[in-house]
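Under the numbering used here, residues 47 to 245 are what the sequence shown spells out, in order.
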Amino acid sequence: MDTKIRLMITRVSIILLLCSITATVYAKPKYIGNEACINCHKKEGLSWSKRAHAKAFEALKPGKRKAAKKKVGMDPSKDYTINKDCIRCHTTGYRKPGGFKNIKKTPNMKGVGCEACHGAGSKYKVLHDEKPSFTETEAKVAGELYAASDPEVCDKCHMHKDQHFTEQVDKKYKYNREEAIKDRKSIHDKFEKKFRSMF
Ligand code: HEC
Ligand code: HEC
Ligand code: HEC
Ligand code: HEC
Numbered sequence: 047m048d049t050k051i052r053l054m055i056t057r058v059s060i061i062l063l064l065c066s067i068t069a070t071v072y073a074k075p076k077y078i079g080n081e082a083c084i085n086c087h088k089k090e091g092l093s094w095s096k097r098a099h100a101k102a103f104e105a106l107k108p109g110k111r112k113a114a115k116k117k118v119g120m121d122p123s124k125d126y127t128i129n130k131d132c133i134r135c136h137t138t139g140y141r142k143p144g145g146f147k148n149i150k151k152t153p154n155m156k157g158v159g160c161e162a163c164h165g166a167g168s169k170y171k172v173l174h175d176e177k178p179s180f181t182e183t184e185a186k187v188a189g190e191l192y193a194a195s196d197p198e199v200c201d202k203c204h205m206h207k208d209q210h211f212t213e214q215v216d217k218k219y220k221y222n223r224e225e226a227i228k229d230r231k232s233i234h235d236k237f238e239k240k241f242r243s244m245f
C-alpha cells in the first residue's frame with residue numbers, strides 16, 4: 047500500500063479512537079431501572095414498592111382516582127397512560143436514554159422509581175459496587191443526586207406549573223419537601239448502612 051494512504055488510515059483511526067474514548071468518558075449516565083438498585087438495596091426497594099411514588103403510573107389508568115380527577119377537570123374514563131403531558135412526571139426518565147418510552151417497551155420504568163430521585167444510575171451504580179466507601183462528591187460526579195440538599199430533584203415534578211393537585215385545589219395536597227424527606231412516608235423508610243450490614 048502507498049505510505050501516504052497508510053499514514054492517512056492510521057491518522058483517521060487514531061481520531062476515531064480518541065472520539066470514542068471522549069464519548070465514553072463524557073457520556074451522560076443512562077437509566078437502568080429499579081431492579082439493578084434493589085439487588086443491593088433490598089429494604090429500600092421493598093419499602094418503596096408499597097408507597098405512592100411506586101404506584102404513580104396506576105393513577106393515570108381509566109377508572110382510577112375518579113373523584114380526584116373530576117375535581118381538577120380531568121376525564122376519569124380517559125386513558126392517560128399514553129398521554130405525554132402526564133407520563134413525564136408519572137414515570138422515570140421519560141424520553142431520556144434508558145428511561146420510559148411507553149408501557150410496552152419499558153414497563154419497568156413506569157412510576158416514580160429510584161432513579162427519578164437519585165439520578166440516572168449507570169455510572170454511580172458501578173461506584174457503589176466497586177467502592178462502597180465512596181464520598182458524596184464522587185457520587186455526584188457519577189451522576190447521583192441528593193434530594194435533601196438539592197430542592198430541584200423533587201420540585202421539578204412537584205412545583206411545576208403543570209402539576210394539577212395543588213394546595214389551592216385541596217389543602218391535603220400541601221407540599222412540604224423538607225417534611226416529606228424527613229418523615230419518608232411517601233418515599234421509603236430510612237435504613238442506616240443497611241447494605242453493608244447484610245454481611
Ligand atoms: C452492587 C451493590 C449496589 C448497587 C447495584 C447499588 N448500590 Fe447504592 N449503595 C451501595 C453501597 C455499598 C452503598 C454505601 C452505603 C451502604 O453501605 O449502604 C450505597 C449507597 C447508596 C445510597 C446512599 C448514598 C450516600 O451518599 O450515602 C443511595 C441513595 C443509593 N446507594 C442508591 C442506589 C441506587 C438508586 C441504585 C441503582 C441505580 C444503587 N444504589 C445501586 C451498593 C449498591
Ligand atoms: C418524576 C416526578 C416526581 C419526583 C422527582 C418526585 N415526585 Fe413526589 N410524587 C409524584 C407523583 C406523580 C405523585 C403522585 C403519586 C400517586 O398519587 O399515585 C407524588 C406523590 C408525592 C407525595 C404524596 C404522597 C402520598 O402518600 O400521597 C409526596 C409527599 C411527595 N410526592 C414528595 C416528594 C418528595 C419529597 C420528592 C423528592 C425527594 C418527590 N416527591 C419526588 C412525582 C414525583
Ligand atoms: C409536572 C408534573 C406532573 C404532570 C405533568 C402531571 N402530574 Fe399528576 N401528579 C404530579 C404530582 C407531583 C402529584 C402528587 C400531588 C400530591 O399528592 O401532592 C400528582 C398526582 C396525580 C394524581 C393523584 C391525585 C390523587 O389525589 O389521588 C392523579 C390522578 C394525576 N396526578 C393524574 C395526572 C394526569 C391525568 C396528568 C396529565 C393530564 C398529570 N397527572 C400530569 C405530577 C404531575
Ligand atoms: C421520591 C423520591 C425517592 C425515590 C423514588 C427513592 N428514593 Fe431513596 N432516598 C430519597 C431521599 C430523599 C433520600 C435521603 C438522601 C437524599 O437526600 O437523597 C433517600 C435515601 C436513600 C438511601 C440511603 C439510605 C437511606 O435509607 O436513607 C438509599 C440506599 C436509597 N435511598 C435507595 C433507594 C432505592 C433503591 C430506591 C428505589 C427502589 C429509592 N431509593 C427510591 C428519595 C427517594
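Cβ coordinates follow ideal geometry from the N, Cα and C atoms, glycine included.
Task: Supposed close pair residue 83, residue 167 - CB separation, criterion 8 Å - done: Position 37 of the sequence shown, counting from 1, holds the residue named residue 83. Position 121 of the sequence shown, counting from 1, holds the residue named residue 167. About 6 Å separates the two Cβ atoms, so the contact holds.
Task: Segment contact, 8 Å Cβ cut-off, at least three pairs: the region 206-222 with the region 100-118 - done: yes
Open item on the list: Give me the residue from 90, 207, 199 and 238 with the minimum Cα distance to residue 223.
Closed with: Start at 1 with the first residue of the sequence shown, and residue 223 comes out as number 177. Looking at the Cα atoms, 199 is the closest of the given residues.
Task: Neighbourhood of ligand 2 [Cβ distance below 7 Å to any heavy atom], ordered by chain position - done: 97, 98, 99, 101, 102, 104, 105, 135, 136, 138, 158, 162, 163, 193, 199, 200, 202, 203, 204, 221, 223, 226, 227, 231, 232 and 233
Open item on the list: Could you check if residue 146 belongs to the surroundings of ligand 1, using beta carbon to heavy atom distance under 8 Å?
Closed with: Your numbering for residue 146 matches position 100 in the sequence shown. Result no, Cβ not under 8 Å from ligand 1.
- [ ] Mind checking who residue 181 pairs with in its DSSP beta bridge?
- [x] Stepping through the sequence shown from its first residue, residue 181 is reached at position 135. Paired residue(s): none; residue 181 is not in a bridge.
Task: Residue nearest to residue 139 in terms of C-alpha spacing, selected from 226, 75, 106 and 104 - done: Start at 1 with the first residue of the sequence shown, and residue 139 comes out as number 93. Residue 139 has its Cα closest to that of 75, out of 226, 75, 106 and 104.
Open item on the list: Only counting the same chain, and skipping five residues up and downstream in sequence, which positions put a Cβ closer than 7 Å to that of residue 243?
Closed with: Locating residue 243 in the sequence shown gives position 197, where the first residue counts as 1. Reliability fails at residue 243, whose pLDDT of 41 lies under 50, so the model's placement of it is uncertain and the value that follows must be treated cautiously. Result list for residue 243: empty, nothing under 7 Å.
Open item on the list: Measuring only from the beta carbon, is residue 211 closer than 8 Å to any heavy atom that is part of ligand 4?
Closed with: In the sequence shown, residue 211 corresponds to position 165, counting from 1. No, since every heavy atom of ligand 4 falls outside the 8 Å radius drawn around the Cβ of residue 211.
- [ ] Measure the beta-carbon distance from residue 77 to residue 142 and round it to whole angstroms, keeping in mind my assumption that it falls under 8 Å.
- [x] For the purposes of this step, residue 77 is taken as the residue at position 31 of the sequence shown. For the purposes of this step, residue 142 is taken as the residue at position 96 of the sequence shown. Yes, they are in contact, since the Cβ atoms of residue 77 and residue 142 sit about 6 Å apart, within 8 Å.
Open item on the list: Let me check understanding here. Comparing Cα to Cα, which of 191, 157, 153 and 154 lies closest to residue 171?
Closed with: As a working note, residue 171 is residue 125 in the sequence shown. Residue 191 is the option with its Cα nearest to residue 171.
Task: Three-way DSSP call (helix, strand, coil) for residue 156 in this model - done: To locate residue 156, count along the sequence shown from 1; it is residue 110. Residue 156: strand per DSSP, three-state reduction.
Open item on the list: Quick check: residue 227 and residue 185, are their CB atoms within less than 9 Å of each other?
Closed with: Position 181 of the sequence shown, counted from the first residue, corresponds to residue 227. Position 139 of the sequence shown, counted from the first residue, corresponds to residue 185. Cβ distance not < 9 Å, so residue 227 and residue 185 don't count as in contact.
TODO: Using beta-carbon positions only, say whether residue 159 and residue 100 come within less than 9 Å of one another.
DONE: Taking the first residue of the sequence shown as position 1, residue 159 is located at position 113. Taking the first residue of the sequence shown as position 1, residue 100 is located at position 54. Closer than 9 Å, so yes.
- [ ] Give the DSSP-derived three-state secondary structure of residue 244 in the structure shown.
- [x] Position 198 of the sequence shown holds residue 244. Confidence at residue 244 is low in this model, with a pLDDT of 45, below 50, so the placement of that residue should be treated as unreliable; the coordinate-derived value is given next. It is coil, neither helix nor strand.
- [ ] Let me know the secondary structure DSSP gives residue 137 once reduced to three states.
- [x] Translated into the one-based positions of the sequence shown, residue 137 becomes position 91. Residue 137 falls in the strand class under three-state DSSP.
Task: Cut-off 6 Å between Cβ atoms - residues of its own chain near residue 88, not counting five sequence neighbours on either side - done: As a working mapping, residue 88 is identified with position 42 in the sequence shown. Nothing meets the Cβ criterion.
- [ ] Give a single yes or no on whether residue 206 has its beta carbon closer than 8 Å to a heavy atom of ligand 3.
- [x] To locate residue 206, count along the sequence shown from 1; it is residue 160. Checking every heavy atom of ligand 3 against the Cβ of residue 206, one is found closer than 8 Å.
Open item on the list: Let's test the definition: count the other Cβ atoms within 10 Å of the Cβ of residue 106 and tell me whether it reaches 16, buried, or not, exposed.
Closed with: Your numbering for residue 106 matches position 60 in the sequence shown. Burial call: buried.
Task: Whole-angstrom distance between residue 148 and residue 174, CA atom to CA atom - done: What you label residue 174 is simply residue 128 of the sequence shown in a count that begins at 1. What you label residue 148 is simply residue 102 of the sequence shown in a count that begins at 1. Looking at the two C-alpha atoms, the distance is approximately 29 Å.
- [ ] Compute the minimum distance between the beta carbon of residue 191 and the heavy atoms of ligand 4, and state whether it is under 8 Å.
- [x] As a position in the sequence shown, residue 191 is number 145, starting the count at 1. Answer for residue 191: yes, Cβ within range of ligand 4.
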